[in-house]
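Colleague: Input: one structure, supplied below.
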Amino acid sequence: MPDAPILELEKVSMAFEGKQVLRNVSLILHHNETYGITGPSGCGKSTLLRIVNDLLSPTSGSVRFQEKDVREWNPQELRRRVVMVPQEAKMFPGTVRANLVWGLKVHGMTTEDEQLKAILREVQLWPIDLDGNAENLSGGQKQRVAIARALLLKPNVLLLDEPTSALDTDSALAVEKTINSLLSDHQMGVLIVTHNKEQAERFTSRVLELENLSEAS
Amino acid sequence: MQLDLFALFQIPEQYTVMLQRYAAAMILLAVLIIVTKWQGIGIGHKLIVGTIRGTIQIILMALILVYIFALSDLIVIFGVLTFMGVFAGHTTRSNLERIPGVMRATLPGILVGALSVMAVVVVLEIIDWRSGPGEFIIPMGGMLIGNCMGLTSLVIDRMWSNAQKQRPLLETALALGATPKQATELTIRESIRSGLLPNLNRYASLGIVSIPGLMSGMIIGGVNPLEAAIYQVIIFIMIFLSAMIAALITSRLFLREMFNERAQLTVPPPEP
Ligand SMILES: Nc1ncnc2c1ncn2[C@@H]1O[C@H](COP(=O)(O)OP(=O)(O)OP(=O)(O)O)[C@@H](O)[C@H]1O
Ligand SMILES: [Mg+2]
């Protein structure tokens, strides 16, 4: 199979009520690739991920996933394959297990506890009480549940918005390692927003640096 | 009563007493408004407008009620109920004016919820309405419509404010590929539950704490107390059923106002 891009952004621009946030952003993501997105606060990094996930439609430009415009995909199907872990990783009311299988459940899929255990081990969150209240987890634990929850969907593209901001370096490295191994296992591509320069350098193959348009103009 | 020429130029005594009572109630209203102001609840002007409008409406209604109760044509009676339902839908819109598309969601819910239950009651003759169709069907229908109105506007208010306040949670759900319905399921369930709570309380304390007006009226009107009591239980079940139907329809329809066809949230962030 020729290595067709898994995700293509072409001249994506975004404005909120006349306020320009993104201008002509283009990027190409391939399988097994980790692409970093950096830039100052408020420059539109989260907005860009939302556009890729089709939670927002850009004011102009296009996003193609597997060579098909995202607008031609069924939104739920697209978001199962292009999963986003939002910046504020929220837990659904209920247990840790309920949170982990939440994504699978909405797509009518199930899983065994063994698989949950395996994925939790990979994000360095095992052992944990699967029947415990997810709301009682620490910020860093919640982030890892959110990542595990996304990985269980076996996405083609994983969109991570500052996924390790609440983790210590060791846990962050472990999460990176997990994602790296999944990259080759699943023919996955990763777009990761990070503030952490070191993380961008060691973890990503390319970095897109966004600038703050409102300040520039 | 004797004929007294002077009486024509005076306000009859029964009305002066009534106006005094109304004035006394206005003092209570003033206290209420002061309390809401003080507590920052911010419904003061709604209370004032509601009082003026409500007084006029109910006086007009009292005057025509005699005729409405005398109605015997089922089609006309259901026409009156439909009018009441439309008015209820309009009311939900004006009480939730910051939210767009309210009436598009509540009106079908209220009409289907209240009228379908009322139609079943009439067709199956669950209540003995034949002795006075207007007298039975209109007040009962009104009760159902009122409860549907209350629950649907609560559901919408909750759905909207949750979408504003718990945006990240909603976004988390959508980003995992949840449909708008799946993403809001919990909110809808909780708002229906809490919206039914006052009535569940009334239901549980029925006859001991809450002595419903309809039952009292029937007993005063000479209906067998046992029959009046049974009616009251039936009415509660009708209320729950119709309010539930209305809430489910309204919540489903309101999803279309909150999300677009790409399942993107269109609710704006809360005003600062
Ligand atoms: N729904 C929205 N409506 C209006 N403006 C928005 C909306 N979402 C984001 N913005 C604006 O777009 C700009 C970019 O926001 P965004 O969250 O993408 O920034 P960011 O780069 O992720 O910042 P941070 O690093 O702090 O997370 C901000 O100025 C924000 O106020
Ligand atoms: Mg952000």
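Protein sequences appear in the order of chains U and V.
Numbering-wise (the working numbering), the first sequence opens with residue 56 and increments by one.
Numbering-wise (the working numbering), the second sequence opens with residue 62 and increments by one.
Glycine included, each C-beta is placed from N, C-alpha and C at the ideal position.
Predicted model only: the values in this text are computed from it and were never measured.
Arg134 (chain U) touches chain V at which residues, Cβ-Cβ below 9 Å?
Modeller: Mapped onto the first sequence, residue 134 (chain U) falls at position 79. The answer, in chain order, is Leu235, Ala236, Leu237, Gly238, Ala239, Ala324.
Colleague: So, helix, strand or coil for Ala229 (chain U), using DSSP?
Modeller: Position 174 of the first sequence holds residue 229 (chain U). Looking at Ala229 (chain U) - three-state DSSP - the assignment turns out to be helix.
Colleague: May I ask you to list, following chain order, the residues of the segment 191-218 of chain U that have a beta carbon less than 9 Å from some beta carbon of chain V?
Modeller: Under the 9 Å Cβ criterion, the segment 191-218 of chain U contributes Ala201, Arg204, Ala205, Leu208, Leu214.
Colleague: Measure from the alpha carbon of Glu158 (chain V) to the alpha carbon of each residue in V:Ile295, V:Arg323, V:Ser214, V:Ile120, then state which is nearest.
Modeller: The count along the second sequence starts at 1 and reaches residue 158 (chain V) at position 97. Per the Cα distances, V:Ser214.
Colleague: Would Ile96 (chain V) be called buried (16 or more neighbouring beta carbons within 10 Å of its own) or exposed?
Modeller: Taking the second sequence and counting its residues from 1, one reaches residue 96 (chain V) at position 35. A quick correction: the sequence has Val, not Ile, at residue 96 (chain V). Result: exposed.
Colleague: Let me check one thing: in DSSP terms, what residues is Lys123 (chain U) bridge-paired to?
Modeller: Translated into positions along the first sequence, residue 123 (chain U) becomes position 68. Answer is U:Phe120.
Colleague: Can you tell me whether Ala304 (chain V) is buried or exposed? The criterion is at least 16 other CB atoms within 10 Å of its CB, across all chains shown.
Modeller: As a position in the second sequence, residue 304 (chain V) is number 243, starting the count at 1. The residue in question, Ala304 (chain V), is buried, as its Cβ has 16 or more Cβ neighbours within 10 Å.
Colleague: Quick one: which chain V residues come within Cβ less than 7 Å of Lys145 (chain U)?
Modeller: Locating residue 145 (chain U) in the first sequence gives position 90, where the first residue counts as 1. Result: Pro229, Leu230, Thr233.
Colleague: Start and end of the beta strand (DSSP E) containing Leu213 (chain U)?
Modeller: The residue you call residue 213 (chain U) lines up with position 158 of the first sequence. Unbroken beta strand (DSSP E) run through Leu213 (chain U): 212-216.
Colleague: Could you name the residues whose beta carbon sits closer than 7 Å to any heavy atom belonging to ligand 2, keeping them in chain order?
Modeller: Working through the chain, the matches are U:Lys100, U:Ser101, U:Gln142, U:Asp216, U:Glu217, U:Val248.
Colleague: Three Cβ pairs or more, each shorter than 8 Å: is that satisfied between the segment 294-310 of chain V and the segment 197-206 of chain V?
Modeller: Yes, since at least three Cβ pairs between the segment 294-310 of chain V and the segment 197-206 of chain V fall closer than 8 Å, the two stretches touch.
Colleague: Indicate the three-state DSSP secondary structure (helix, strand or coil) for Val137 (chain U) in the structure shown.
Modeller: Taking the first residue of the first sequence as 1, we reach residue 137 (chain U) at position 82. Strand at Val137 (chain U).
Colleague: Specify the secondary structure class of Asn188 (chain U) as computed by DSSP and reduced to three states.
Modeller: Counting from one through the first sequence, the residue named residue 188 (chain U) turns up at place 133. In this structure, Asn188 (chain U) counts as strand in the three-state DSSP scheme.
Colleague: Once DSSP output is grouped into helix, strand and coil, what is the label at Thr93 (chain U)?
Modeller: Numbered from 1 along the first sequence, position 38 holds the residue referred to as residue 93 (chain U). The answer is strand: DSSP assigns Thr93 (chain U) an E or B state.
Colleague: Any C-beta of chain U sitting closer than 8 Å to the C-beta of Leu247 (chain V)?
Modeller: Sequence index remark: in the second sequence, residue 247 (chain V) carries index 186 (1-based). Cβ-Cβ to chain U under 8 Å: yes for Leu247 (chain V).
Colleague: Is there at least one non-hydrogen atom of ligand 1 closer than 7 Å to the beta-carbon of Phe71 (chain U)?
Modeller: Taking the first residue of the first sequence as position 1, residue 71 (chain U) is located at position 16. Yes; taking the cut-off as 7 Å, the Cβ of Phe71 (chain U) has a heavy atom of ligand 1 nearer than that.
Colleague: Using only CA atoms, which one of V:Leu230, V:Asn223, V:Ile217, V:Thr152 lies nearest to Gly256 (chain V)?
Modeller: Numbered from 1 along the second sequence, position 195 holds the residue referred to as residue 256 (chain V). It is V:Ile217 whose Cα lies nearest to the Cα of Gly256 (chain V).
Colleague: In this structure, what does DSSP give as the bridge partners for Glu65 (chain U)?
Modeller: The residue you call residue 65 (chain U) lines up with position 10 of the first sequence. DSSP, once it has assigned bridges, lists U:Ser117 as partnering Glu65 (chain U).
Colleague: Would you list, in sequence order, the uninterrupted alpha helix (DSSP H) runs of no fewer than 4 residues that lie entirely inside the segment 201-250 of chain V?
Modeller: Listed in chain order, the complete alpha helix (DSSP H) runs (minimum 4 residues) inside the segment 201-250 of chain V are 228-236.
Colleague: Could you pull the start and end residues of the alpha helix (DSSP H) that Arg159 (chain V) belongs to?
Modeller: Your numbering for residue 159 (chain V) matches position 98 in the second sequence. It is not in any alpha helix (DSSP H) - Arg159 (chain V) carries neither H nor E in the DSSP assignment.
Colleague: What does a CB cutoff of less than 6 Å around Gln142 (chain U) pick up in its chain, not counting 5 residues either side in sequence?
Modeller: Residue 142 (chain U) sits at position 87 when you count from the first residue of the first sequence. Taken in chain order, the residues that qualify are Ser101, Asp216, Glu217.
Colleague: Answer with buried or exposed for Ser272 (chain U), where buried requires no fewer than 16 other C-beta atoms within 10 angstroms of its C-beta.
Modeller: Working through the first sequence from its first residue, we reach residue 272 (chain U) at position 217. Per-residue confidence for Ser272 (chain U) stands at a pLDDT of 46, beneath the threshold of 50, marking its modelled position as unreliable; no derived number is given.
Colleague: By how many angstroms is the C-alpha of His86 (chain U) removed from the C-alpha of Met56 (chain U)?
Modeller: Mapped onto the first sequence, residue 56 (chain U) falls at position 1. Mapped onto the first sequence, residue 86 (chain U) falls at position 31. In this prediction, Met56 (chain U) scores a pLDDT of 46, lower than 50, which makes its location untrustworthy; the coordinate-derived value is nonetheless stated afterwards. Computed Cα separation, rounded: 12 Å.
Colleague: Contact criterion: CB-CB distance below 8 Å. Does Asp109 (chain U) meet it with respect to chain V?
Modeller: Residue mapping note: residue 109 (chain U) aligns to position 54 of the first sequence, counting from 1. Yes, because at least one Cβ of chain V sits closer than 8 Å to the Cβ of Asp109 (chain U).
Colleague: So, at 8 Å on beta carbons, what are the nonlocal neighbours of Gln63 (chain V) in its own chain, with the 5 sequence-adjacent residues on each side left out?
Modeller: On the second sequence, position 2 is the one that residue 63 (chain V) refers to. Legend: pLDDT at Gln63 (chain V) = 49, less than 50; position of this residue unreliable, value from coordinates given subsequently. Cβ within range, chain order: n/a, list empty.
Colleague: Taking DSSP's pairing of strands, which residues face Thr150 (chain U) in a bridge?
Modeller: Start at 1 with the first residue of the first sequence, and residue 150 (chain U) comes out as number 95. For Thr150 (chain U), which the question treats as bridged, DSSP gives the partners U:Asn188.
Colleague: So, helix, strand or coil for Gly283 (chain V), using DSSP?
Modeller: By 1-based counting over the second sequence, the position of residue 283 (chain V) is 222. In this structure, Gly283 (chain V) counts as coil in the three-state DSSP scheme.
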